[in-house]
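So the structure is just underneath, and the comments pick up after that.
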Amino acid sequence: MTSRNERADARLTRRQFLRRSAGGIVGAMVGAAAASQAGCERLPRPAGTEAPPAKQGPTPGRARVVLIRDQRALEGSPQQQERVMREMLYIAITRLSGRDSATKAWAAFAHAGDRIAIKSNQMMRPVHLELLHAIHAGLMVAGVADKDIAAWDRDQAGFGRDELATLPQHPGFDRDSVSNLVTNWATGLVNVTGLKAHWLAGIACALKNWAGAVTNINVADENVAYAFHADSCADLGLLNAIPAIRKRCRLIVVDALQPLFHGGPQVDPQYLWDYNGLIVGTDPVAVDVICARIIQAKRDEHKGYSWPISPPAKHIQVADAKFGLGVSDPARIDLIKLGWRQGALV
Amino acid sequence: MQGRPASYTRANLYDYIDGGADFYLSYAFQGAVVANYSGPAGAKITVELYDMGSSYDAFGVFAHEQAKESPPIGQGGSYAGGLLTFWKGRVFARIFAERESPTTREAVLKLGKAIAVAVRVTGPKPPLLGRLPQVGLAPRSVRYLHTDTALNSVLYLPGNPLGLNAQTDVAYGEYPGAKGVPPAKVVVVQYPTIERARAAFVALDKQLGGKGVIHVTHMAFYDTPRYRRVGAVLLQPYVGLATNAPDSGTARRLVDGVIAGVKQRWRQRTPERGER
Numbered sequence: 017m018t019s020r021n022e023r024a025d026a027r028l029t030r031r032q033f034l035r036r037s038a039g040g041i042v043g044a045m046v047g048a049a050a051a052s053q054a055g056c057e058r059l060p061r062p063a064g065t066e067a068p069p070a071k072q073g074p075t076p077g078r079a080r081v082v083l084i085r086d087q088r089a090l091e092g093s094p095q096q097q098e099r100v101m102r103e104m105l106y107i108a109i110t111r112l113s114g115r116d117s118a119t120k121a122w123a124a125f126a127h128a129g130d131r132i133a134i135k136s137n138q139m140m141r142p143v144h145l146e147l148l149h150a151i152h153a154g155l156m157v158a159g160v161a162d163k164d165i166a167a168w169d170r171d172q173a174g175f176g177r178d179e180l181a182t183l184p185q186h187p188g189f190d191r192d193s194v195s196n197l198v199t200n201w202a203t204g205l206v207n208v209t210g211l212k213a214h215w216l217a218g219i220a221c222a223l224k225n226w227a228g229a230v231t232n233i234n235v236a237d238e239n240v241a242y243a244f245h246a247d248s249c250a251d252l253g254l255l256n257a258i259p260a261i262r263k264r265c266r267l268i269v270v271d272a273l274q275p276l277f278h279g280g281p282q283v284d285p286q287y288l289w290d291y292n293g294l295i296v297g298t299d300p301v302a303v304d305v306i307c308a309r310i311i312q313a314k315r316d317e318h319k320g321y322s323w324p325i326s327p328p329a330k331h332i333q334v335a336d337a338k339f340g341l342g343v344s345d346p347a348r349i350d351l352i353k354l355g356w357r358q359g360a361l362v
Numbered sequence: 002m003q004g005r006p007a008s009y010t011r012a013n014l015y016d017y018i019d020g021g022a023d024f025y026l027s028y029a030f031q032g033a034v035v036a037n038y039s040g041p042a043g044a045k046i047t048v049e050l051y052d053m054g055s056s057y058d059a060f061g062v063f064a065h066e067q068a069k070e071s072p073p074i075g076q077g078g079s080y081a082g083g084l085l086t087f088w089k090g091r092v093f094a095r096i097f098a099e100r101e102s103p104t105t106r107e108a109v110l111k112l113g114k115a116i117a118v119a120v121r122v123t124g125p126k127p128p129l130l131g132r133l134p135q136v137g138l139a140p141r142s143v144r145y146l147h148t149d150t151a152l153n154s155v156l157y158l159p160g161n162p163l164g165l166n167a168q169t170d171v172a173y174g175e176y177p178g179a180k181g182v183p184p185a186k187v188v189v190v191q192y193p194t195i196e197r198a199r200a201a202f203v204a205l206d207k208q209l210g211g212k213g214v215i216h217v218t219h220m221a222f223y224d225t226p227r228y229r230r231v232g233a234v235l236l237q238p239y240v241g242l243a244t245n246a247p248d249s250g251t252a253r254r255l256v257d258g259v260i261a262g263v264k265q266r267w268r269q270r271t272p273e274r275g276e277r
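For the record, the sequence lines run as chains E and A. Once you know that position 337 of the first sequence is 353 in this note's numbering, the rest is easy, because the numbers rise by one and skip nothing. Once you know that position 194 of the second sequence is 195 in this note's numbering, the rest is easy, because the numbers rise by one and skip nothing.
Below you can see the structure in the form of structure tokens.
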């Protein structure tokens, strides 16, 4: 389906997009002195720049998902890539939240005094470190202190920007097998995952990422805290439905920069491609619907005929119908597409 | 080499490849060794060596993904985008460069050749592959596996009607047709007992819309929206299944191909199991 916003964005020229990108990052940087302490650059604000136009939040009963792509995202040094990703994020969350500036948009997801744990994905196909840095910078723009921003996967965590690359800490798990970061530290969570096919679950994106937030699980589902592997991981949603996760997760960011369209989680480079995208939302089911559409379209394009995701990602519909985690009906998902359009696939 | 090699067993392979471990564990995986090397211009090259317990399973893991480029390394190699895989004897190897370049490609291939030479024992491919119809078979599509989760990544059969598990052996192949049309697929399963083969055929027949009764001919054909034209045959202790055939004639030819392959096996009377 095509929303009004989508149609409008389709008319964006490259120049307009870059100008809006510049407005987004500049708007977010102004007043963010703390961010510069964390390695962010403080840029002067050119006259006339402003955040992308989006004055309304999601419509009740519907889900909003933002896909933003930029050809420059994987070019240049890590610092250059981080800068582009910050721009992409600022624009995306502005459109997602319906706030009129990037600074206000970040404030919709976090504020001073929060402790934010970013559930990253470090196994096999780690999310780009530059993206973690960009999210960290955004959270600091919202007023969250450097030491109050953590990133983790399984039992490896890092606190503050300097530890995001190495994740040297071991936060452990609570008596319910959930990471202590979730239940005993964080006031808010950010779900940061990759876009990839998965041989057990069909795809492994927003809903699957929480498998790294718990321990005491195995594929046979024998004597486990959370049994979700049966029937192609149909019940994966039960992880997102853990009360502390469901209540505290505020934002989902999917690293769709170099997705994997077949054979995951172990990476076969012949199934990677440069998509240069980020997918941002707050509804994990709707986000995964869009992720599945992109993976499916890439598979069909690759083969030249229908090459269904196998096994099918049935956990997406189950997460909606059984766990009430979000919207799986594509007709009730407003996909806002921004930036580079060539090869968008959706 | 950078640092000490890490070793993994069935108990802790998850620590290295998380959900990817189950793919290896669905075979007779015995252990793995992982080492990192400093390649050209400091590029990291990782070597993973998997002891798959038998040459059959080493081939099975290798065959799961094969790229177009097949360098003559070990008993079969595959290279794409900086990743070299090969199998030799009971060893499956994965060697990959962090960043692909002409120099890292050369280093990866050189390292692979040296490792393949060091693995001295060779082994046969699974004879079960010979039960697949050979006419029209796409060589790189051939798979050898055991469990339903492994089959699901190439042919999804909900509810595991074939009753696959670690004790079953499965050969899979694809048969391309017209351009732009999905290929037909053939699965041949060898069961440890005749009873299990028979039970699987009945369950499959039921799922495909049959009446749950084995036909006198032990052969059945179906027209399904999901799998297009389908043919199935029971040749105890084997079950053959042809799906996604564009027409009933193709489904029949593929089933006949399975029958011919099994009859050839009966004539040979060579051991097909127990060599692993």
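A virtual CB, placed ideally from N, CA and C, is assigned to each residue, including glycine. Just so we're clear, the structure is a prediction, and the values are computed from it rather than from any experiment.
query: Contact under 9 Å by Cβ, proline 134 of chain A with glycine 232 of chain A; result: no
query: Short CB-CB distance (under 9 Å) between lysine 353 of chain E and chain A; result: no
query: Cβ neighbour criterion (16 or more within 10 Å) applied to glutamine 87 of chain E; result: exposed
query: DSSP state of glycine 181 of chain A mapped onto helix, strand, coil; result: coil
query: DSSP state of serine 56 of chain A mapped onto helix, strand, coil; result: helix
query: Residue burial classification, serine 113 of chain E (beta-carbon count within 10 angstroms, cutoff 16); result: buried
query: Element boundaries [beta strand (DSSP E), containing glycine 176 of chain E]; result: No beta strand (DSSP E) contains glycine 176 of chain E, which DSSP labels as neither H nor E.
query: Cross-strand partners of arginine 229 of chain A (DSSP beta bridge); result: A/Thr225
query: Per DSSP, the bridge partner or partners of glutamate 49 of chain A; result: A/Val35, A/Arg95
query: Expected contact under 8 Å - CB spacing of glutamine 282 of chain E and methionine 140 of chain E to nearest Å; result: 6 Å
query: Histidine 147 of chain A at chain E interface by Cβ criterion, 9 Å; result: no
query: Beta bridge counterpart(s) of phenylalanine 189 of chain E as assigned by DSSP; result: E/Ser195
query: Beta-carbon neighbours of leucine 216 of chain E, restricted to chain A and to distances below 7 Å; result: Gly20, Asp23, Thr150
query: Close beta carbons around tryptophan 215 of chain E, own chain, < 7 Å, minus the five adjacent residues each side; result: Gly279, Gly280
query: Whole-Å CB distance - valine 14 of chain E paired with isoleucine 332 of chain E, under 8 Å assumed; result: Residue numbering for chain E in the displayed model covers 17 to 362; residue 14 of chain E lies beyond these limits and cannot be assessed.
query: Alpha-carbon to alpha-carbon, alanine 360 of chain E and alanine 139 of chain A; result: 31 Å
query: Collapsed DSSP secondary structure at tyrosine 9 of chain A in the structure displayed; result: strand
query: Spatial distance of arginine 229 of chain A from glycine 77 of chain A (CA atoms); result: 33 Å
query: With 16 other Cβ atoms within 10 Å as the buried cut-off, status of proline 328 of chain E; result: buried
query: Cβ of serine 71 of chain A within 9 Å of any chain E Cβ; result: no
query: Proximal residues, the stretch 73-88 of chain A versus chain E, C-beta separation under 7 Å; result: Ala81, Gly82, Gly83, Leu84
query: Below-9 Å beta-carbon distance, asparagine 153 of chain A vs any chain E residue; result: yes
query: Beta-carbon gap between alanine 121 of chain E and methionine 104 of chain E smaller than 9 Å; result: no
query: Coil, strand or helix - alanine 335 of chain E by DSSP; result: helix
query: 9 Å Cβ cutoff, tryptophan 122 of chain E in contact with chain A; result: no
query: Close Cβ partners of leucine 14 of chain A (< 8 Å) along its chain, the five nearest in sequence each way excluded; result: Ala22, Tyr25, Leu26, Phe30, Ala33
query: Residue environment, glutamine 3 of chain A, which counts as buried when at least 16 other CB atoms sit within 10 Å; result: exposed
query: Helix, strand or coil at histidine 147 of chain A according to DSSP, with G and I counted as helix; result: coil
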